[in-house]
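What the sequence shown shows, in our numbering, is residues 9 to 68, in sequence order. For reference, the structure is listed below as structure tokens.
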Amino acid sequence: PRTNAGSEGMLHMQKWYSHTSMPDTYMIATSSSGYTNDTISIEWLKFFEKQTRARQKGSS
């Protein structure tokens, strides 16, 4: 899986990656508060749009 952690104090647990059947196209993000925030939300929307663009139907 891809990661999105950019500042000190954010912790990714090793088992999140080694004991999972999560596809490589999934993204995991952490925040200093432990909750989602505006930055994570916008990054998720960008990631989602990129991952689903090929399946788009309708206007291009």
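Built from N, CA and C at the ideal position, the CB exists for glycine as well.
Distance, Cα to Cα, Trp52 vs Met30?
-> In a straight line, the C-alpha of Trp52 is about 17 Å away from that of Met30.
Beta-carbon proximity check, Gln59 vs Thr28, cutoff 9 Å | no
Give the range of the beta strand (DSSP E) segment to which Ala62 is assigned.
-> Premise fails: Ala62 is in no beta strand (DSSP E) and is neither H nor E.
Within 10 angstroms of the Cβ of Ala62, are there 16 or more other Cβ atoms? Answer buried if so, exposed if not.
-> Looking at its Cβ environment, which holds fewer than 16 other Cβ atoms inside 10 Å, Ala62 is exposed.
Excluding the 5 residues preceding and the 5 following Asp46 in the sequence, name in chain order all residues of the same chain whose CB lies nearer than 8 Å to its CB.
-> none
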